[in-house]
Structure formats: C-alpha cells, structure tokens
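S.K.: Taking the working numbering, the leading residue of the sequence shown gets 12, the next gets one more, and so forth.
Can you keep this structure in mind? I'll have questions shortly.
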Amino acid sequence: MKNIISWILRLAAALILLQTLFFKFTGAPESIYIFEQVGMEPWGRYGSGVVELIASALLLWPRTIGLGALMGIGVISGAIFFHLTSLGIEVQGDGGLLFYLAVIVFLCCAVLLKMYWEQLKRLLLLFR
12 MKNIISWILR
22 LAAALILLQT
32 LFFKFTGAPE
42 SIYIFEQVGM
52 EPWGRYGSGV
62 VELIASALLL
72 WPRTIGLGAL
82 MGIGVISGAI
92 FFHLTSLGIE
102 VQGDGGLLFY
112 LAVIVFLCCA
122 VLLKMYWEQL
132 KRLLLLFR
C-alpha cells in the first residue's frame with residue numbers, strides 16, 4: 012500500500028511541476044507576468060524551472076524520492092509565498108488554479124518527505 016500511495020503522490024507532484032516547465036521555458040505571457048510582478052523576470056523564471064525539473068526527476072527516481080520531496084517543498088514554498096504576499100490567490104483570472112496546484116505539490120511533497128525521511132538522511136550522509 013505504501014508503494015501505491017508513494018507513486019500517486021510522486022506522479023501528482025512531478026506532473027504538476029513538469030507541466031509548468033513548458034510555460035516557463037517558452038516565455039508564455041502568463042509566466043512572464045508572474046515573474047515580473049515579483050521582480051524576478053527572467054532569471055527567477057528560468058531558475059525555478061530548472062529546480063522544478065531536477066526535483067521532478069528526483070521524485071521519480073526511487074533512490075532520491077526524499078531529496079526530490081525536499082526540493083519540491085523548497086521551490087513550491089516560494090510560489091505559495093508570492094501568491095500570498097504579492098500575486099494573490101487568483102492570477103490573471105485563473106480562478107486560483109496555479110495557487111491550488113502549488114498547494115497540492117506542497118502537500119504531496121510534505122507527505123513524501125515524511126515517508127522517505129530516513130532515505131533522505133542516508134543520502135545526505137553520503138555527502139559529508
């Protein structure tokens with residue numbers, strides 16, 4: 012059962028993170044607008060996209076799920092922070108979709124981090 016829950020959470024988080032990459036890397040107007048509003052265009056857009064790509068790959072590779080979850084929480088916390096402080100829940104009439112997707116990623120990654128905490132600790136010990 013743990014394996015099924017893990018895959019559902021991993022796929023949900025990774026797919027949400029990966030689907031935003033197209034918009035960030037191609038310079039979609041909505042993406043540019045968001046990063047202009049927070050004063051991070053274009054480097055914040057590219058940087059967060061690279062981190063999201065890495066986090067997604069780590070989430071999907073069984074040996075690095077914990078690290079991917081930690082990175083996912085880190086990058087998506089920035090998105091949630093900006094939604095709550097300067098962007099608002101709804102951005103350009105999206106009905107709050109981007110915010111709610113960010114919350115889903117955060118929750119998926121938080122549960123995965125709890126599930127794979129020991130794995131993350133072992134992995135980080137390798138870098139000591």
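Think of the CB as a built atom: it goes at the ideal place given N, C-alpha and C, for glycine as much as any other residue.
Among CYS120, LEU131, LEU137, whose alpha-carbon lies nearest the alpha-carbon of SER17?
M.R.: Per the Cα distances, CYS120.
S.K.: Only counting the same chain, and skipping five residues up and downstream in sequence, which positions put a Cβ closer than 7 Å to that of MET82?
M.R.: Contacts found: VAL62, ILE65, ALA66, LEU69.
S.K.: What beta strand (DSSP E) runs, 3 residues minimum, are completely inside the segment 33 to 64?
M.R.: Runs of the beta strand (DSSP E) inside the segment 33 to 64: none found.
S.K.: Report the residue from LEU123, GLY55, TYR44, TRP54 whose alpha carbon sits nearest the alpha carbon of GLY104.
M.R.: When only C-alpha atoms are compared, the closest one is TYR44.
S.K.: Given this structure, state the Cα-to-Cα distance separating ARG56 from ILE15, to the nearest angstrom.
M.R.: Answer to the nearest angstrom: the Cα atoms are 33 Å apart.
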